[in-house]
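Accompanying notes for the structure given below.
Number of protein chains: 2
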Amino acid sequence: MNQSGKEIENLIELMAKLPGLGPRSARRAVLYLIRKRALVLTPMADALSLVATTARECVTCGNVGTSEVCDICSSEKRAIGQLCVVEDVADLWAMERAGTFKGRYHVLGGTLSALDAMGPDELGIPRLVARVRDESISEVILALGATVDGQTTAHYVSEELEGRCRVTSLAQGVPIGGELDYLDEGTITAALKARKDL
Amino acid sequence: MNQSGKEIENLIELMAKLPGLGPRSARRAVLYLIRKRALVLTPMADALSLVATTARECVTCGNVGTSEVCDICSSEKRAIGQLCVVEDVADLWAMERAGTFKGRYHVLGGTLSALDAMGPDELGIPRLVARVRDESISEVILALGATVDGQTTAHYVSEELEGRCRVTSLAQGVPIGGELDYLDEGTITAALKARKDL
């Protein structure tokens, strides 16, 4: 016996699969959608269908967009010569939200990991090396996570690119608004080692 | 300049309107959907379209379902004579999850509230009184929130139904798994007043 109908139950089940939503919040979301049928539910159904047919990976950088070459790769306003290497598309979008970087991107799609059988070929590192050569890149900025896997990957990529271009990585240190008391020892050590003259 | 495409940005904006999701988690949800295109994205688009065309309120109780009379109202297994009054559909579903109540429901669609201009007519309280008369109801169980508005509404409904049937309300007390130390004074007072012999 279900309390609504199998179409609604099915939608709740699908919604509950989204990251950040559980069964209970999926129920609440579906009730909200039914109440806002014209304003949100129908537009969302249309938007999902549209994205299902149009979303694709950029052939150059791996960003997710709706054209063969993404807006960033095809923009003439983006600096040529600088390439920012990120683990995945969410990281690329986070960099874009910061709005400071004006070059182009390269999405690895993960990190080197023996456990997950992710080697340099799975990550498309040869493709990155080819881009550095073909697009006459002068600087590769590694914006990888400050995790063991992220740093292993950064180390490997920087060795592969040695002698081909300048390789830099994001600074490590105290985050803006961060209080020392709440920071881990690793971050404090990194921030101390990278201290600057004022 | 957007980082993906206007179709994807539009979907993110719609997703961010859902209760429980903000702009950041909407982005994560959309990336997840694009990665799980066949498994989740396309089925969800179809499910949303289906719900947009089929979802409707039950003409008898106000539950949300996909038929004119909801599964609960049309089920022959539900006891006749008991009516559980709830504020909204989410509360009805919560009662059903508990699975103990075997009667039928009446959804008020809110509580009496002078601020929101919700009077007895907006809540369909006359319709409830008519149901009690026409369906020969012997007991109305008020399952309204333990808030000021909820209790005001309970009081009003019980007065309207006086002499027509038995009117009861959910017990108030210590929730299962609750620790006294974390409970508010009101709950402890209510639990003490309603103490039982062991």
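Chains as they are written, first to last, in this note's numbering: chain R, 9 to 206; chain L, 9 to 206. Cβ coordinates follow ideal geometry from the N, Cα and C atoms, glycine included.
Spatial neighbours of residue i in its chain, beta-carbon cut-off 6 angstroms, leaving aside the 5 residues before and after
i: L/L19; result: V38
i: L/Q90; result: G111, E147
i: L/P128; result: none
i: L/A98; result: none
i: R/V175; result: V148, S166, L169
i: R/D142; result: none
i: R/Q159; result: none
Cβ-based burial, residue i [other Cβ within 10 Å; buried from 16]
i: L/R35; result: buried
i: R/P51; result: buried
i: R/E95; result: buried
i: R/L47; result: exposed
i: L/I88; result: exposed
i: L/V140; result: buried
i: R/T68; result: buried
i: R/V165; result: buried
i: R/A55; result: buried
i: L/L188; result: exposed
i: R/L123; result: exposed
i: R/G107; result: exposed
i: L/G186; result: exposed
i: R/L26; result: buried
Residue i vs residue j beta-carbon contact at 7 angstroms
i: L/L100; j: L/V115; result: yes
i: R/T62; j: L/E15; result: yes
i: L/A102; j: R/A53; result: no
i: L/A198; j: L/Q180; result: yes
i: R/T161; j: R/T195; result: no
i: L/S33; j: R/G30; result: no
i: L/L73; j: R/S177; result: According to the sequence displayed, residue 73 of chain L carries Gly and not Leu. Contact: no.
i: R/L49; j: L/A60; result: yes
i: R/I149; j: R/C92; result: yes
i: L/I145; j: L/C173; result: yes
i: L/V137; j: L/E168; result: yes
Nonlocal neighbours in the same chain, by C-beta distance under 7 angstroms from residue i, ignoring five residues either side
i: L/M9; result: Low confidence applies to L/M9: its pLDDT is 45, below 50, so where it sits in the model is not reliable, and the reading given next is rough at best. Excluding sequence neighbours, L/M9 sits near nothing in its chain.
i: R/G153; result: E95
i: L/I42; result: L49
i: L/V156; result: none
i: R/K204; result: none
i: R/A24; result: G30, P31, A34
i: L/R135; result: none
i: R/F109; result: C92, M103
i: L/R86; result: I80, K110, G111, R112
Where the beta strand (DSSP E) through residue i begins and ends
i: L/C92; result: 90–94
i: L/E170; result: Segment: none, L/E170 is in no beta strand (DSSP E) and carries neither H nor E.
Residue i, enclosing alpha helix (DSSP H) - first and last residue
i: L/A198; result: 193–201
Close-in-space but distant-in-sequence residues of the same chain around residue i (CB under 8 angstroms, 5 per side omitted)
i: L/M126; result: G118, T119, L120
i: R/K44; result: none
i: R/N71; result: E65, C78, I80, C81, V97, L100, Y113, V115
i: L/L131; result: L116, G117, G118, T119, L120, T161
i: R/A202; result: A179, Q180, G181
i: R/D192; result: none
Neighbour list for residue i in chain B, Cβ cutoff strictly below 9 angstroms
i: L/A98; result: The structure shown contains no chain B; the protein chains it does contain are R and L.
Residue i CB to nearest heavy atom of the ligand ATP below 6 angstroms
i: L/S75; result: As for the ligand ATP, it is missing from this structure, which has no ligand bound.
- prompt: Which runs of the alpha helix (DSSP H), 4 residues or longer, sit entirely within the stretch 9–85 of chain R?
  reply: 14–23, 31–43, 50–62, 79–82
Segments assigned alpha helix (DSSP H), at least 4 residues, entirely inside the stretch 96–177 of chain R: 97–106, 133–142, 156–168
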